[in-house]
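The next block holds one structure in the form of structure tokens; read it before the comments.
In this note's numbering, the protein residues as written are 87 to 256.
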């Protein structure tokens, strides 16, 4: 009986530890997200999911997509915050399918902020890359597009962002 209780307690602690590992807001250099793992903003309003279809998707509290890597179907299985400052999606064969292009720029962490912006920062808190989604929410399904910080973003009827257009001079 005593052994059963200890085993149950150890199993429960292990499970709690693994669940809490998913509920953080920052990936530090050398850390990664695997399929079905996510980052969550500290206020709980936003989640960045590494989906099973290979797409990295940022969703708001209503579960509407506000940003994605546009990599669904490209077999990405992990998101790595590399020591060189680059954030990269890789296949199981180690092939990159998407990256921020920030290698050599000093980024040492990627943080999902409480305003919905996913940002790469240096050790001195300089922003080197961002999804530019701070405060962005998609329009209601079927309403089309919105403009935000010099971009036009278009969603489909399911709230999935399908297009982003930037003016030529940006």
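No residue lacks a Cβ here, since even glycine has one placed at the ideal position from N, Cα and C.
Annotation: the stretch 137-224 contains no complete segment of the alpha helix (DSSP H) (minimum length 4 residues). Assigned with DSSP and collapsed to three states, residue 132 falls in coil, not helix or strand.
Residue 218 is a Cβ neighbour of residue 203, given a cutoff of 8 angstroms. In the DSSP assignment, residue 120 falls within the beta strand (DSSP E) that extends over 118-120. Annotation for residue 185: 172 and 174 place their beta carbon closer than 6 angstroms to its own, counting only its chain and skipping 5 residues before and after. Within 10 angstroms of the beta-carbon of residue 111 lie 16 or more other beta-carbons, which makes it buried.
Residues 205, 206 and 207 of the same chain have their beta carbon placed closer than 8 angstroms to that of residue 213, with the five preceding and five following residues left out of the count. The beta carbons of residue 198 and residue 134 sit about 5 angstroms from each other, so the pair counts as a contact at 8 angstroms. With respect to the C-alpha of residue 194, the residue from 176, 168, 155 and 161 having the closest C-alpha is 168.
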